[in-house]
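Going down the list, the sequences are from chains A and B.
Using UniProt numbering, read the first sequence as starting at 1 and increasing by one per residue.
Using UniProt numbering, read the second sequence as starting at 1 and increasing by one per residue.
For glycine and all other residues, C-beta sits at the position ideal for the given N, C-alpha and C.
The block underneath contains the structure these notes are about, expressed in structure tokens.
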Amino acid sequence: MKTENQKAWFFVLPVLLLVAFNALIPMMTVVNYSVQETFGDNLFFWEGLTWFEQILRSDRFHAALGRQFMFTALILIIEIPLGIAIALSMPRKGFWVPVCLVLMALPMLIPWNVVGAMWNIFALPDIGLMGYFLNHVLGINYDMTQDPVAAWVTIITMDVWHWTSLVVLLAYAGLVSIPDAYYQAAKIDGASNWSVFRFIQLPKMKNVLTIAILLRFMDSFNIYTEPFVLTGGGPGNSTTLLSIDLVKIALGQFDLGPAAAMSLIYFAITLLVSWLFYTLMTKDDLN
Amino acid sequence: MQKRSLVPILYIFFLMLPIYWLVAMSFKTTNEILSGFSLFPQTFTLEAYKTIFTDPTWYWGYINSILYVSINTVISIAVALPAAYAFSRYRFLGDKQLFFWLLTNRMAPAAVFALPFFQLYSAVGIFDTHLAVALAHCLFNIPLAVWILEGFMGGVPKELDETAFVDGYSFPRFFVAIFIPTIKAGVGVAAFFCFMFSWVELLLAKTLTAVEAKPIAATMTKTASSAGYELGLLAAAGTLTIIPGAIVIYFVRNYIAKGFAMGRV
Numbered sequence: 001m002k003t004e005n006q007k008a009w010f011f012v013l014p015v016l017l018l019v020a021f022n023a024l025i026p027m028m029t030v031v032n033y034s035v036q037e038t039f040g041d042n043l044f045f046w047e048g049l050t051w052f053e054q055i056l057r058s059d060r061f062h063a064a065l066g067r068q069f070m071f072t073a074l075i076l077i078i079e080i081p082l083g084i085a086i087a088l089s090m091p092r093k094g095f096w097v098p099v100c101l102v103l104m105a106l107p108m109l110i111p112w113n114v115v116g117a118m119w120n121i122f123a124l125p126d127i128g129l130m131g132y133f134l135n136h137v138l139g140i141n142y143d144m145t146q147d148p149v150a151a152w153v154t155i156i157t158m159d160v161w162h163w164t165s166l167v168v169l170l171a172y173a174g175l176v177s178i179p180d181a182y183y184q185a186a187k188i189d190g191a192s193n194w195s196v197f198r199f200i201q202l203p204k205m206k207n208v209l210t211i212a213i214l215l216r217f218m219d220s221f222n223i224y225t226e227p228f229v230l231t232g233g234g235p236g237n238s239t240t241l242l243s244i245d246l247v248k249i250a251l252g253q254f255d256l257g258p259a260a261a262m263s264l265i266y267f268a269i270t271l272l273v274s275w276l277f278y279t280l281m282t283k284d285d286l287n
Numbered sequence: 001m002q003k004r005s006l007v008p009i010l011y012i013f014f015l016m017l018p019i020y021w022l023v024a025m026s027f028k029t030t031n032e033i034l035s036g037f038s039l040f041p042q043t044f045t046l047e048a049y050k051t052i053f054t055d056p057t058w059y060w061g062y063i064n065s066i067l068y069v070s071i072n073t074v075i076s077i078a079v080a081l082p083a084a085y086a087f088s089r090y091r092f093l094g095d096k097q098l099f100f101w102l103l104t105n106r107m108a109p110a111a112v113f114a115l116p117f118f119q120l121y122s123a124v125g126i127f128d129t130h131l132a133v134a135l136a137h138c139l140f141n142i143p144l145a146v147w148i149l150e151g152f153m154g155g156v157p158k159e160l161d162e163t164a165f166v167d168g169y170s171f172p173r174f175f176v177a178i179f180i181p182t183i184k185a186g187v188g189v190a191a192f193f194c195f196m197f198s199w200v201e202l203l204l205a206k207t208l209t210a211v212e213a214k215p216i217a218a219t220m221t222k223t224a225s226s227a228g229y230e231l232g233l234l235a236a237a238g239t240l241t242i243i244p245g246a247i248v249i250y251f252v253r254n255y256i257a258k259g260f261a262m263g264r265v
């Protein structure tokens, strides 16, 4: 049992100050911009909720948001089952375990713009390994700078390459925590592989999978650098995800008001969906 | 058993392909890269690496990156340790709300904060220093470190604390001499994660620096646009950015699975 101790606040004070400095001040700046209009020279005019209304009604925002949800949904549908499948087929002990884990974690430690640049080089139609293979060996006409479908396939493959290991490592951590006795009992009962998975492995992985889904949702919903370096949002606007569009508005057109309003709406959506995921997935524990 | 191990092997093969391509390209001459497809470097060259190790704008990029990542890791762990202890051992007013608020900071897209961060750090007067980037990265690394450490500390029985206090240890001595060594695996894992997220982040690092503290990844983007498209050089610089991560991951290899589960299995 935890004891009640208000002095514990002194322990969390440094964390609170540092994070508040980084989170609250910039957030207030964003809120400030979102209700004003500026024409430069530090002159600001009160605009009220105009920008919020404008963003919520704009087709451009709806399109970017739609693409963002499609991207996140696709990578979750691919990465979560794939990650579980790979974790299930990994060895439980022995020499190969750390080797597998280190190699699998490697993509996550590469700076995000290098990931984008790397996949760009990899996908070049005539001189990249993947581009050459698809075009000249399989005979598929593949060029992600021209074809939106190819661009989408490339950014989805890149994200699967980059982040499936996170799901693998989490699911694997859940799996190795299952005592052998559980499996022996299942064997005596004559349980099939499926029922072992459904009634022993899956429930044991539930906690870590909740973390995996939440982290993957948050990070993929906020993704910016990798697709920006890889496709630059093109061809046309076909891979312009929410963050990319936001940066275009804020730094490209320097429309600070609309960009700030869009940031806040964006943040609110992320919070809301994360909260929904979290409550749905931990609902059983509370009952 | 044989058939089962095929899945991880295929998966690792898929993971290594783009990395292989990057490394292979770094050893090719620009001519060879642009003239057509070749699976292995035909004329093996170290020219690109030589450029990087002799040109200060290149190698300072690496030093800058490693400096701010290290500062960030030290700050994050130092402040997260007592906070995680408080969360794992005590109830206090607003503890749950505070914990949740910390985690929400991971949800804010960095793109949202780029411009306000620039203004904030310019106003404070530390724009274009390593400290600025290190402090900015605390935004997402401190919550993560608190989360991981709290998970590991939750696994340490409270009796350890109580016995130490009965034995006459003062709190600071107990914390440094007994408690931290007990959870050193957790500290290692948390440090690894701070290093990793600070190392891979670029948007904020690029926004907060100009010349003095410019990260290597930003040097790469500038070169790509100004000096034409020198793919070999770009590939060599990219290859070199993989190495620090690979070294760090080697040290935590035995804790990595539990570490990714934030100690909550």
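### Task
State the DSSP-derived secondary structure class of S225 of chain B, mapped to helix, strand or coil.
Because the pLDDT of S225 of chain B is 49, which lies under 50, any placement of that residue in the model is unreliable, and the question is left without a value.
- Using the C-alpha atoms, what's the distance from T73 of chain B back to G139 of chain A? Going from the Cα of G139 of chain A to the Cα of T73 of chain B covers about 48 Å.
Task: Residue span of the alpha helix (DSSP H) that contains E47 of chain A, given as start and end - done: Note, E47 of chain A: premise wrong, no alpha helix (DSSP H); not H, not E.
Given this structure, state the Cα-to-Cα distance separating S226 of chain B from T154 of chain A, to the nearest angstrom. Any reading at S226 of chain B needs caution, since the residue's pLDDT is 44, under 50, leaving its predicted position unreliable; the model's value is listed next. So the alpha carbons of these two residues sit roughly 26 Å apart.
* Whole angstroms is fine: what's the gap from G245 of chain B's alpha carbon to M196 of chain B's? => Rounded to the nearest whole angstrom, the CA to CA distance from G245 of chain B to M196 of chain B is 7 Å.
Note to self: In this structure, how does DSSP classify R92 of chain A when only helix, strand and coil are distinguished?
What the structure shows: Correct three-state label for R92 of chain A: coil.
Would you kindly check if the distance between the Cβ of I12 of chain B and the Cβ of V103 of chain A is under 9 Å? Sequence check: residue 103 of chain A is Leu here, not Val. The answer is yes: Cβ separation under 9 Å.
- What is the residue span of the alpha helix (DSSP H) that Q97 of chain B lies within? Note, Q97 of chain B: alpha helix (DSSP H), D95 to T104.
May I have the straight-line CA-CA distance separating I249 of chain B from G188 of chain B, to the nearest angstrom? A straight-line Cα-Cα distance of about 10 Å links I249 of chain B and G188 of chain B.
Whole angstroms are fine: how far does the CA of V30 of chain A sit from the CA of A87 of chain A? Taking the straight line joining both Cα atoms gives about 42 Å.
Self-check item: Nearest-angstrom Cα separation, counted from A85 of chain A out to A205 of chain B
Solution: Cα-Cα distance, rounded: 36 Å.
So for E32 of chain B, helix, strand or coil by DSSP? Here E32 of chain B sits in helix by DSSP.
**OP:** For R253 of chain B, name the three-state secondary structure that DSSP assigns.
**Re:** Three-state result, R253 of chain B: coil.
I want to see whether chain B comes within less than 9 Å of H136 of chain A, judged by CB atoms only; does it? Contact with chain B is found for H136 of chain A, since one of that chain's Cβ atoms lies less than 9 Å from the residue's Cβ.
Given a threshold of 16 other Cβ atoms within 10 Å of its Cβ, counted over all protein chains shown, does K206 of chain A qualify as buried or as exposed?
Exposed, since its Cβ has fewer than 16 Cβ neighbours within 10 Å.
Residue 305 of chain A versus chain B: which residues are under 9 Å apart at the beta carbon? The structure shown has nothing for residue 305 of chain A, since chain A only spans 1 to 287.
* **Chain-ordered neighbours of V79 of chain B on chain A, where CB pairs are closer than 8 Å** => Correct list: P14, V15 and L18.
Worksheet entry | Pair within 9 Å by beta-carbon distance, E226 of chain A and V167 of chain A | V167 of chain A is positioned such that its CB atom lies no closer than 9 Å to that of E226 of chain A.
### Query
Taking the alpha carbon of N22 of chain A as the point to measure from, which residue in B:I71, B:P181, B:L17 and B:A132 has its own alpha carbon closest?
Of B:I71, B:P181, B:L17 and B:A132, the residue nearest in Cα terms is B:A132.
Does DSSP classify Y278 of chain A as helix, strand or coil?
Residue state, collapsed to three classes: helix.
In its own chain, which residues sit with a C-beta less than 8 Å from the C-beta of V252 of chain B, not counting the 5 before and 5 after it? Same-chain partners within the cutoff: G188, V189, F192 and G259.
(message) Comparing C-alpha positions only, which one of A:R60, A:L129, A:T210 and A:G48 sits nearest to T282 of chain A?
(response) Of A:R60, A:L129, A:T210 and A:G48, the residue nearest in Cα terms is A:T210.
Margin query: Run through chain B and tell me which residues come within less than 9 Å of M281 of chain A, C-beta to C-beta.
Written below: Per Cβ cutoff of 9 Å: no residues; M281 of chain A is ~13 Å from chain B at best.
task: Say whether chain A places a C-beta atom closer than 9 Å to the C-beta of T30 of chain B.
output: Not an interface residue.
* Asked: Can the beta-carbon of residue 269 of chain B be found closer than 9 Å to that of L149 of chain B?
  -> Outside the shown range of chain B (1 to 265) lies residue 269 of chain B, about which nothing can therefore be said.
Q.
Would you say M108 of chain A lies against chain B (beta-carbon separation less than 9 Å)?
A. Interface flag for M108 of chain A against chain B is set, since a Cβ pair is found closer than 9 Å.
*For the stretch 107-119 of chain B, enumerate the residues whose C-beta is nearer than 9 Å to any C-beta of chain A, in chain order.*
Of all residues in the stretch 107-119 of chain B, the ones placed with a Cβ closer than 9 Å to any Cβ belonging to chain A are M107, A108, P109, A110, A111, V112, F113, A114, L115, P116, F117 and Q119, in chain order.
For this session: Would you identify the three-state DSSP class for T129 of chain B, choosing helix, strand or coil?
Result: Looking at T129 of chain B - three-state DSSP - the assignment turns out to be coil, as it is neither helix nor strand.
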